[in-house]
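Down below is the structure, laid out as structure tokens.
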Amino acid sequence: MSTWLYALVFAFVTFVGALGAGLAPRYLPALKADHWPVTTAIAAGLLLASAMVIVIPEGFEMLFMIHAPDAVPHSDTFLTLPPVLASGLAILGGFLLMLGLESWGIGHEFEKPTDPTRLLSLGLALHALSDGLAIGASIATGLMAVSVPILAAVMIHKLPVAFGLGAFLWREENTADPWRQLLGFSLATPVGLLITFLFLRQLSHEWIGLLLLFSGGTFLYVAAVDVLSHIRHDQPPPVLFRRIVTGVVILVVILILFHNLGLEETPA
14 MSTWLYALVF AFVTFVGALG AGLAPRYLPA LKADHWPVTT AIAAGLLLAS
64 AMVIVIPEGF EMLFMIHAPD AVPHSDTFLT LPPVLASGLA ILGGFLLMLG
114 LESWGIGHEF EKPTDPTRLL SLGLALHALS DGLAIGASIA TGLMAVSVPI
164 LAAVMIHKLP VAFGLGAFLW REENTADPWR QLLGFSLATP VGLLITFLFL
214 RQLSHEWIGL LLLFSGGTFL YVAAVDVLSH IRHDQPPPVL FRRIVTGVVI
264 LVVILILFHN LGLEETPA
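If you count the sequence shown from 1, position 262 lands on 275 in this note's numbering, and the numbers rise without skipping.
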């Protein structure tokens with residue numbers, strides 16, 4: 014399967030998954046969310062491991078190890094900034110983007126019925142665009158060992174968010190166009206994925222590396238600040254720690270399997 018087909022399949026999966034989870038509260042009103050804290054904790058582990066084990070190391074490799082032995086990265090490649098500084102700023106930029114969205118009330122909070130519904134939906138859609146950036150950048154590397162685990166981490170994190178948004182939309186009597194808002198949220202990640210993938214195909218590996226580092230910063234924020242801040246009071250700390258470690262172990266096992274099966278690269 015070519016990288017184009019991978020991009021289309023991944024975009025379809027993210028759309029259908031988000032839409033299905035968002036519709037679940039409407040058509041399955043008796044569906045309980047008892048297991049969401051467990052799922053979310055595992056997702057936090059997956060996202061944290063994805064950032065620290067896959068996205069950020071792969072970004073640095075793209076920046077510094079892809080060159081020929083006698084080649085040296087040029088500082089003017091990154092808007093006159095030294096590559097080390099540029100890479101650090103890319104990670105920080107992704108982190109600050111998520112912090113900025115949260116500071117403006119754009120996050121994953123569904124417990125305030127007075128929140129403006131349109132703002133919530135728009136905020137989550139912007140949040141979802143960063144997921145598309147991460148997946149699109151990972152596909153552009155041509156490495157299945159990078160793109161597939163990132164897709165899994167994003168989806169496990171995204172489904173509870175879509176479910177929460179759907180529950181909010183369908184229970185809010187005065188909500189205008191809940192279908193349009195849910196569709197907008199569901200389309201955000203696949204659109205971001207495809208745009209990022211198409212755009213990155215025209216860029217050098219150095220810029221792909223920078224965008225991977227940027228997405229790594231968003232992953233760090235979502236896992237360490239956004240997700241954990243919402244669930245750390247819902248379960249005992251030792252239990253939460255075990256569930257996060259479970260997510261980390263799952264991702265590491267996936268990476269080992271990909272390596273042993275020789276499935277690291279996608280066909281061109």
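Ideal placement from N, C-alpha and C gives every residue a C-beta, glycine not left out. Quantities reported herein were computed from a predicted structural model and do not represent experimental measurements.
| Asked | Found |
| --- | --- |
| Alpha carbon of residue 190 to alpha carbon of residue 40, nearest angstrom | 17 Å |
| Burial state of residue 215, where buried means 16 or more other Cβ atoms lie within 10 Å | exposed |
| Reduced DSSP secondary structure (H/G/I, E/B, other) of residue 274 | helix |
| Cβ-Cβ separation, residue 265 to residue 62 (assumed contact under 8 Å), whole Å | 7 Å |
| Residue 102 - DSSP class collapsed to helix/strand/coil | helix |
| CA-to-CA distance, residue 94 to residue 228, given in whole angstroms | 19 Å |
| Own chain partners of residue 274 with C-beta closer than 6 Å, once the 5 adjacent residues on each side are dropped | none |
| Residues of its chain near residue 34, where Cβ-Cβ distance is below 6 Å and the 5 sequence neighbours each way are ignored | 172, 175 and 176 |
| Sequence-distant residues of its chain with Cβ nearer than 7 Å to residue 200 (five each side left out) | 28 |
| Residue 256, buried or exposed, once every other Cβ within 10 Å from all chains shown has been counted against 16 | buried |
| Three-way DSSP call (helix, strand, coil) for residue 117 in this model | coil |
| Residue 71 versus residue 155 - alpha carbon distance | 12 Å |
| First through last residue of the alpha helix (DSSP H) which encompasses residue 245 | Careful: residue 245 lies outside any alpha helix (DSSP H) and carries neither H nor E. |
| Opening and closing residue of the alpha helix (DSSP H) in which residue 94 lies | No alpha helix (DSSP H) contains residue 94, which DSSP labels as neither H nor E. |
| Nearest-angstrom Cβ-Cβ length linking residue 231 and residue 147, presumed shorter than 8 Å | 7 Å |
| Pair within 9 Å by beta-carbon distance, residue 111 and residue 204 | no |
| Where residue 32 sits in the DSSP three-state scheme | helix |
| N-terminal and C-terminal residue of the alpha helix (DSSP H) that residue 75 is part of | 69-77 |
| Exposure of residue 113, with buried meaning 16 or more beta-carbon neighbours within 10 Å | exposed |
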